[in-house]
Structures are given as structure tokens and as C-alpha cells.
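A.B. asks:
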């Protein structure tokens, strides 16, 4: 966590500029182009459009995220899953909001890189020499950049990450300077600060309400402000946003003033962003815009990795392999998600080819994410005993704003919006199946009192007629209550080829709502015979149980709480440490189930996903050379309507 979480420092502000403003900071590349579209340039369209942008950035980004939502930090961490972790114990139903929001945010990560990079490269057409640059050529350049970007993920961004802040300072300074240099073209553009003109656009302009779909593009990166709270700190985000918002508004005003000098005409493939650049500067502008778009994409890709890792810890996503390319805290790389994002981004580029077409698909999914954040934050306020009138006011204001954006964006559905909705729907289905299947499985888990079986465990441990299975036998248990144990573990020890050991260890992992908590407790049930270890790990902590368990054992040996020396006479006198063997119980769906149709579908999908994800032992970070896998049938709904009648066979035993 940032040391001075609520304070701003120069270094912290520079880091914040490089990490969190890529998406929202590159929006001037395409927002005004999307607002004007094929419409005739007019005062109402331009001034009303800028007015909507200014007040969207004020109400949606500044007040909702920078002022209010940043207060909902989970031990310094932000993001929709951190917010869900804060409120889930107050309402189990909040998981639906978390899953929908997470899926929508992830889907947004698939379209942001293509639209920002394509918009930047298309700026080359502003130069006379590249005016006839073929769309296919632009597609090839964009694909090459995206390929390079995703290939570099495996190496981490520590070395180039230091450059992100200074480059984004150059980018925002360029935005401000370009805007200021054109505001004087038509000073009437300053009327846009009056919300009256924005309301007029929505009410009087033909299909004006639908323009909100294009206006919304100016705030699509607002969710990143909250997601990267832990990386940058609240103070740095709030101070840097003043600079960013000023630069963005100045640039939009400059683009608007330039457009007003072309009243009555239409944009013929021109992008106002590049049109306000001096001709000799365009090539430099394109280069800087391309680098800024890559930084924006990088931030979103890294955010997707963090999002999925959180979902895994919260049991909302199948466990996947996670690599840590650098020592930097929070930096991780998930090969499976990297491949998924790359395929998605490449497909978006090939399907839509032009940024204008991508704009039609952009914004719909992130609107849904913002709605979910609003609902979760309102519930967070309620749990903090904020007066209901303020919670109600917050909901009325932001649900009105965001549903307006959603309805305006729904017109994009048939023009490409269906792509992100399908992607978000598929991602939500994965989360739902993984979460729901766990609930179904928990109905099957049978817990028994551990104390009932302690005498027989002692007898088994001392029964020399049974071959010793291991010196130390370690079971992963899901029992929250330390006095209980799963019946299947007792069955494994006693019935399924009795497993004699000197010490039985039961290890439990409790994933807690505090992001980076890493602690453990030890309960010695029978000294040197039965021991329970409970790890309490935050939802952002990697579960490296093999290493953690070894540290626990070493600590216990130092404190003389346990003797891990082998009990074999020849090894004991030479102080040889006994062997450790982990038993992992792997489930398979038994045929002896009578589930309702929807639960049957959920469980079948669960086992398909399980094949894609990591095995149980790799998910816990165990060394496979010390692990034995035991398969057992998952009977969640035993068949009860089976009838079988015995009949006597006559004559067989008669003389």
C-alpha cells in the first residue's frame, strides 16, 4: 500500500499519471469524432456536445469516482471486487453485482486496445502523403502493435513502467496546448460550461438523447481510477485528476472551436483531434498518441490480470497459472488471460477494422460495470450507517445518469455492441458456474466431530501391523470450525487403504476480505500426533501453501512445539527429518446423482472449466512430488426414486 495514502507527492502524482489515466486520457482521440459522426456541424451540436462532456466528467468521474467512491477503500485497495469484498458479509446477494461488474470490466479490456491504437494510427491520414492510406495497411500496423504489446506482458513492465508517467505528462500537456491554441478560433465555445446547452442538445436536437452514447466515451476509463487506488493512493489520484481533467476539457474546447469554424459542413473522414494540429507536428502527434494508446492498453491489460487473480481468490473464477515477472508488488502475468485478451483484441481489429466502427461497440459493457459499482457503493454507504436519505439521493442521481447512458448505448447493440455484450455474458457465465457449483458442492460436504475420531487415529498411528504410509500426512481441509473435519478425509485415512502416519496435519486456508493479510494459527490437538494449521490470506495474496507450510513447521520446530524427526530407529538416531506427504481429494461427478436440470448443466460446465483450470495441488501451490491425488465421487443429490425388488428363483435348490 502507498505509504502516505491520503497525501500527494510529486513522484506519486507522476506514477498515477502513468498508471491510471491511459484510457480516459486517450478519449479525445475519438469522442468528438463519434459525437459529430455524419451530422452537419452546428452550434447546438458542438457547444451542446462539449457541455455534455464537461458535466459528464464532473458528475460521473469527479464526483462519483474521485470524490465519493475512492473513500470505499479496502485496506488501501480499490476496484469492484475490493468493493464487493467490503460488503459481501452484509449481503450474499451482492455477489451478482460483483460478477456482472467484473465481467463487464473485463470485456471492456478487449475493445479498449483496438480502438485507442487504431484511432492513433488513423491520424496518419491527416498528412497529405498518407491521405490515401489503405484501411488494410492500418489494420496490419495495429495488429503488429497489439502482437508486440501482448508478447511483452510475460516480461513485466517494471523497466518501461518508469517512463509511463513522464510520457503521459507530455501527452496531457500536448492536449492542453493544442486546445488552448484553438479556443480563440471561436470564443462562443466557452458557453459549453453552462449545462443549459447540454440539456438543449438532448431535448431539441434530432435524436439528441442518443448522442449520449458517444458522449459517454469521454468517461469510460473512470473505473480505472478506482481499480488502481492501491497502486497510487487517494491523494495522488485526486491531485493528478485536476491536471488531467483540465487538459481534457481544454482539448475538447479547442476541437469544438475548430469545428465551429466549419459550420454547415460535415466531417469527411477527418478527426478533429488531429485536424487541430499544425501540419508539421502531425507525425509527432501520431507517435505520441500511439505511445499513449499503448500505455492505456497496458494499464487495462494489467488491470485485467489483477481482476482475474482477485476473482480466483474469491472463488469466482477457475484457478489459472499466475507468473510474477518482477519483484514489484501487485505485478503479475496470467498466460491464459493474456491469450484470451490477445485473441479478443485481434478479432475486434479484424471484424471492425476502423475506429469509427469500433465506437459503435464501445461503451455498452462499461456502462453496466458502472451501474454495478453504483449499486455496491450505495450498499456500502448503507452498511456504514450513512443516512438513508443520502444513500437514496446517490442512487437516484447516478442510476438516472447511468441508465440514461445505458439506454443511449443500447442503440449500439446491433452496430457492434453485441460483441462486448456476448463477451461479457460469457465471462459472467464462467463466474456464475464457478460460484454456483461451489454452493451445490457444499450441500454434499459432510462434516464430523474430529474429537470422535482422535482415539482411533492414535491407535492407527501406533499400529505397527499396518505399513507406515508417511511420517507426516497432510490433508487440505475446508472445515472452518477447527473442531470439525470432512467425513471424506476420515474415510480416506481409515477406510480407503488405512493410512498410518506419525503425525496427521490438517491445513485450512481462509480467504479474508483484507487484501494483503498473511497470517496463520496453529492448534495442537494431540502433541506430536494431530495438528491443525489455519492460514488467513487476503484475496490478493498468492496461495503458496507448500512454502508457507514449510515456514510454519520450521517455526514450530524452533519453538519446540513439534518433533519432525523420522520415527524409524535408524533415521531417528541420525536426526533425519521424516517425509511429508500431501493428500489432495479430487472430485468427479458421480452417476448416482438426481439433480434438477439447471444444476446438472451447472455441474457439467463446472467440470469442463475444471479441466481448463489448474489442478487442486497446483492451485494451492503444492509441490507435485509430495502430493497424492485421491479421486472420490461427488454425490450432491443421491438418486432416491430407484426401486429394486428381490424375487425368489424357484426350483434351483430343490431336490
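In my numbering, the protein residues as written are 79 to 733.
Cβ coordinates follow ideal geometry from the N, Cα and C atoms, glycine included.
1) Using a threshold of 7 Å, state whether the C-beta atoms of residue 179 and residue 487 are closer than that.
2) When you compare only the Cα positions, how much space is there between residue 332 and residue 221?
3) Give me the residue from 598, 390, 348 with the minimum Cα distance to residue 692.
4) Excluding sequence positions up to five away, which residues of its chain have a Cβ less than 6 Å from the Cβ of residue 448?
5) Would you tell me roughly how many angstroms separate the C-alpha atoms of residue 201 and residue 96, rounded to the nearest one?
6) Across which residues does DSSP place residue 601 in a beta bridge pair?
7) Determine the extent of the beta strand (DSSP E) in which residue 551 is found, giving its start and end residues.
8) Answer with buried or exposed for residue 155, where buried requires no fewer than 16 other C-beta atoms within 10 angstroms of its C-beta.
9) If residue 392 and residue 163 are in contact, beta carbons under 8 Å, what's the gap, nearest whole angstrom?
10) Judging by CA-CA distance, which residue of 135, 724, 675 is the nearest neighbour of residue 325?
11) Does the distance from the CB of residue 422 to the CB of residue 305 come in under 7 Å?
12) Under 8 Å, with one C-beta from each stretch per pair, do the region 204-215 and the region 468-480 reach the 3-pair mark?
13) In whole angstroms, what is the alpha-carbon distance linking residue 677 and residue 246?
14) Mind checking residue 139: buried by the 16 CB within 10 Å criterion, or exposed?
15) Which residues in the same chain have their Cβ closer than 7 Å to the Cβ of residue 350, if we skip the five residues on either side of it in sequence?
16) Would you identify the three-state DSSP class for residue 530, choosing helix, strand or coil?
17) Taking the beta strand (DSSP E) that residue 263 belongs to, which residues open and close that run?
18) Three-state secondary structure (DSSP) at residue 698?
19) Helix, strand or coil: how does DSSP classify residue 306 here?
20) Using a threshold of 7 Å, state whether the C-beta atoms of residue 99 and residue 364 are closer than that.
21) One question on the structure: do residue 441 and residue 303 come within less than 7 Å of each other, judged by their Cβ atoms?
22) Following the continuous beta strand (DSSP E) through residue 584, name the residue where it begins and the one where it ends.
23) Assuming the contact rule is C-beta atoms closer than 8 Å, residue 243 and residue 93 should be a hit. Round their C-beta distance to whole Å, please.
24) Please identify the residue among 309, 503, 622, 495 whose C-alpha is closest to the C-alpha of residue 86.
25) Look at the alpha carbon of residue 181 and the alpha carbon of residue 191, and state the distance between them as a whole number of angstroms.
26) For residue 647, report the span of its alpha helix (DSSP H) as first-last.
27) So, for residue 609: in the same chain, excluding its five sequence neighbours on each side, which residues have a beta-carbon less than 6 Å away from its beta-carbon?
28) When we look at the beta-carbon of residue 550 and count the other beta-carbons within 10 Å, is it buried (16 or more) or exposed?
29) Going along the chain, which residues of its own chain have a beta-carbon closer than 6 Å to the beta-carbon of residue 80, five neighbours each way excluded?
30) Decide yes or no for the touch test of the region 164-171 against the region 490-503: beta carbon pairs closer than 8 Å, at least 3 of them.
31) So, under 8 Å CB-CB, residue 360 and residue 196 are touching, yes? Tell me the CB distance rounded to an integer number of Å.
32) Please report the straight-line C-alpha distance between residue 330 and residue 123, rounded to a whole angstrom.
33) Which value, in whole angstroms, describes the spacing of the CA atoms of residue 206 and residue 187?
C.D. replies: So, from the listed chains and residues:
1) For the purposes of this step, residue 179 is taken as the residue at position 101 of the chain shown. For the purposes of this step, residue 487 is taken as the residue at position 409 of the chain shown. Against a cut-off of 7 Å, the Cβ pair of residue 487 and residue 179 comes out as no contact.
2) For this step, residue 332 is matched to residue 254 along the chain shown. For this step, residue 221 is matched to residue 143 along the chain shown. Cα to Cα, the separation comes out at about 31 Å.
3) Position 614 of the chain shown, counted from the first residue, corresponds to residue 692. Ranked by Cα distance from residue 692, the first of 598, 390, 348 is 390.
4) As a working note, residue 448 is residue 370 in the chain shown. Leaving aside the five residues that flank residue 448 on each side, the residues in its chain whose CB is nearer than 6 Å to its CB run, in chain order, 480.
5) Indexing the chain shown from 1 puts residue 201 at position 123. Indexing the chain shown from 1 puts residue 96 at position 18. The straight-line gap from Cα to Cα measures roughly 23 Å.
6) What you label residue 601 is simply residue 523 of the chain shown in a count that begins at 1. According to DSSP, which records beta bridges pairwise, residue 601 is partnered with 610.
7) Translated into the one-based positions of the chain shown, residue 551 becomes position 473. Looking at the DSSP string, the run of the beta strand (DSSP E) that includes residue 551 is 546-555.
8) Mapped onto the chain shown, residue 155 falls at position 77. Residue 155 should be labelled buried.
9) For the purposes of this step, residue 392 is taken as residue 314 along the chain shown, with counting starting at 1. For the purposes of this step, residue 163 is taken as residue 85 along the chain shown, with counting starting at 1. The beta-carbon separation of residue 392 and residue 163, rounded to 7 Å, stays under the 8 Å limit for a contact.
10) Along the chain shown, read from residue 1 onward, the residue named residue 325 stands at position 247. It is 135.
11) Taking the first residue of the chain shown as position 1, residue 422 is located at position 344. Taking the first residue of the chain shown as position 1, residue 305 is located at position 227. Annotated as distal: residue 422 and residue 305, with beta-carbon spacing of 7 Å or more.
12) The region 204-215 vs the region 468-480: no contact.
13) Residue numbering aside, residue 677 sits at position 599 when the chain shown is read from its first letter. Residue numbering aside, residue 246 sits at position 168 when the chain shown is read from its first letter. Roughly 49 Å between the two C-alpha positions.
14) As a position in the chain shown, residue 139 is number 61, starting the count at 1. Flag for residue 139 reads buried.
15) Here residue 350 refers to the residue found at position 272 of the chain shown. For residue 350, where only same-chain residues beyond five positions count, the Cβ hits under 7 Å are 110, 111, 333, 336, 337.
16) Working through the chain shown from its first residue, we reach residue 530 at position 452. Looking at residue 530 - three-state DSSP - the assignment turns out to be helix.
17) What you label residue 263 is simply residue 185 of the chain shown in a count that begins at 1. Element bounds for residue 263: n/a, residue is neither H nor E.
18) As a working mapping, residue 698 is identified with position 620 in the chain shown. Of the three classes helix, strand and coil, the one that applies to residue 698 here is coil, per DSSP.
19) Within the chain shown, the letter at position 228 stands for residue 306. Here DSSP, grouped into helix, strand and coil, assigns residue 306 to coil.
20) By 1-based counting over the chain shown, the position of residue 99 is 21. By 1-based counting over the chain shown, the position of residue 364 is 286. It is not a contact, given that the beta carbons lie outside the stated cut-off.
21) Reading the chain shown from its first residue, position 363 is the one you call residue 441. Reading the chain shown from its first residue, position 225 is the one you call residue 303. Not in contact: residue 441 and residue 303 (Cβ atoms no closer than 7 Å).
22) The residue you call residue 584 lines up with position 506 of the chain shown. Looking at the DSSP string, the run of the beta strand (DSSP E) that includes residue 584 is 578-590.
23) What you label residue 243 is simply residue 165 of the chain shown in a count that begins at 1. What you label residue 93 is simply residue 15 of the chain shown in a count that begins at 1. The Cβ separation is near 6 Å, so the contact holds.
24) The residue given as residue 86 occupies position 8 in the chain shown. With distances taken between Cα atoms, residue 86 lies closest to 309.
25) Translated into the one-based positions of the chain shown, residue 181 becomes position 103. Translated into the one-based positions of the chain shown, residue 191 becomes position 113. Distance from the CA of residue 181 to the CA of residue 191, rounded to the nearest whole angstrom, comes to 17 Å.
26) In the chain shown, counting from the first residue as 1, residue 647 sits at position 569. Looking at the DSSP string, the run of the alpha helix (DSSP H) that includes residue 647 is 647-650.
27) Position 531 of the chain shown, counted from the start, is the residue given in the question as residue 609. The answer, listed in chain order, is 583, 602.
28) Locating residue 550 in the chain shown gives position 472, counting from the first residue. It counts as buried.
29) Here residue 80 corresponds to residue number 2 of the chain shown, with the count starting at 1. Reliability of the predicted coordinates at residue 80 is poor, the pLDDT of 43 falling under 50, and the value obtained from them is presented with this limitation in mind. Residues of the same chain with a CB within less than 6 Å of the CB of residue 80, apart from the 5 flanking positions on each side, are 311 in chain order.
30) They do not touch, by the three-pair rule.
31) Here residue 360 refers to the residue found at position 282 when the chain shown is read from its first residue. Here residue 196 refers to the residue found at position 118 when the chain shown is read from its first residue. No, residue 360 and residue 196 are not in contact; Cβ-Cβ is about 17 Å, not under 8 Å.
32) Here the question's residue 330 lines up with position 252 in the chain shown. Here the question's residue 123 lines up with position 45 in the chain shown. CA-CA distance, residue 330 to residue 123, rounds to 13 Å.
33) The residue given as residue 206 occupies position 128 in the chain shown. The residue given as residue 187 occupies position 109 in the chain shown. Each residue's Cα considered, the two are about 33 Å apart.
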